[in-house]
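Structure record follows, encoded as structure tokens.
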Amino acid sequence: MRIKVCGVTRPQDARLAAKLGAWAVGMIFVPNTPRYLTPPKARRVRAAIPKGVLAVGVFKHVAAEELRRVIRELRLDAVQIYGSVPRGIGVRVIQAVTLDARPLRGKMVLIEPARTDADRRAGRGPSVRAQRKAWRTAESWRATGARVILAGGLTPLNAAEAARSARPWALDVSSGVESEPGIKSAPLLRAFFKAPGA
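Structure, rendered in structure tokens:
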């Protein structure tokens with residue numbers, strides 16, 4: 728199973744994720760969120776992502792010019808976008824979608840459970856009920872040919888169940904392998920990669 732470790736804020740966490748076999752490492756460029764990276768920090772994290780592991784920038788409602796600038800300056804391999812996707816940005820696109828959206832055949836999409844505003848502010852994951860709904864949606868989208876990346880509240884304890892239930896193209900983990908927002912826990916990261924099916 729492909730694994731994307733997202734919300735990485737420290738070079739050592741990027742290096743460990745790559746060593747464990749991460750398919751991609753995500754850096755968040757959404758201001759006023761717990762794992763937002765300033766440009767200097769982003770450069771240090773990007774430098775720690777080795778060739779062969781996708782360096783992914785995460786953006787929300789970003790202007791095309793700003794998006795292209797960050798892609799160019801950090802040599803991003805892919806972007807994950809919440810909101811409309813600008814044309815002709817020249818890298819792979821992971822489009823974050825809502826659970827009630829129409830399936831995007833052949834596209835790489837991120838599906839995650841709904842979270843409350845309080846959960847978002849605190850950097851917490853979603854409820855179990857919301858997770859199950861997202862897993863069902865991911866499975867139905869996968870059947871249309873979409874490359875589904877499943878995110879939201881994944882941990883070493885539920886990664887295997889999520890992989891088995893939703894059968895996604897990849898798993899995306901962030902808060903579920905942290906000791907605090909933005910700080911990855913080496914033991915939790917190792918446990919996630921060892922989870923059956925993950």
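Whatever position you read off the sequence shown (first residue = 1), add 727 for the working numbering. Using N, Cα and C, we set each Cβ at its ideal position, and we do this for glycine too.
For residue i, count neighbouring C-beta atoms within 10 Å of its own C-beta (all shown protein chains included) and say buried if the count is 16 or more, exposed if not.
i	result
E793	exposed
T864	buried
L881	buried
A889	buried
R762	buried
V772	buried
T736	buried
A893	buried
Kindly identify the DSSP beta-bridge partner or partners of residue i.
i	result
A861	A861 is not bridged to any residue.
E905	K911
F786	I808
G753	V783
D827	In the DSSP output, where bridge partners are listed per residue, D827 has none listed.
K731	A751, D899
V836	Q822, V875
Ignore the nearest five residues each way along the sequence and tell me which others in residue i's own chain have a CB closer than 7 Å to its CB.
i	result
N885	none
R859	none
Less than 6 Å between C-beta atoms, sequence neighbours within five positions excluded: which residues of the same chain meet that for residue i?
i	result
P895	A865, V875, L877
A841	A857
K709	Nothing can be reported for residue 709: it is not among the residues displayed for the chain, which extend from 728 to 925.
L826	T864
Cutting at 8 Å between CB atoms, please list the residues of its own chain near residue i, excluding the five before and the five after it.
i	result
F919	I730, L881, T882, P883, A886, V900, G903, V904, A925
I798	G784, V806, I816, G817, V818
K921	P883
Where does residue i sit, in a helix, a strand or coil, going by DSSP?
i	result
V798	For clarity, residue 798 is Ile in the given sequence; the question names Val instead. Looking at I798 - three-state DSSP - the assignment turns out to be helix.
R894	coil
V900	strand
L764	coil
R771	helix
Report yes or no: do three or more beta-carbon pairs, one from the region 825-840 and one from the region 868-886, lie closer than 8 Å? As far as the Cβ criterion goes, the region 825-840 touches the region 868-886, which means the pair count is three or higher.
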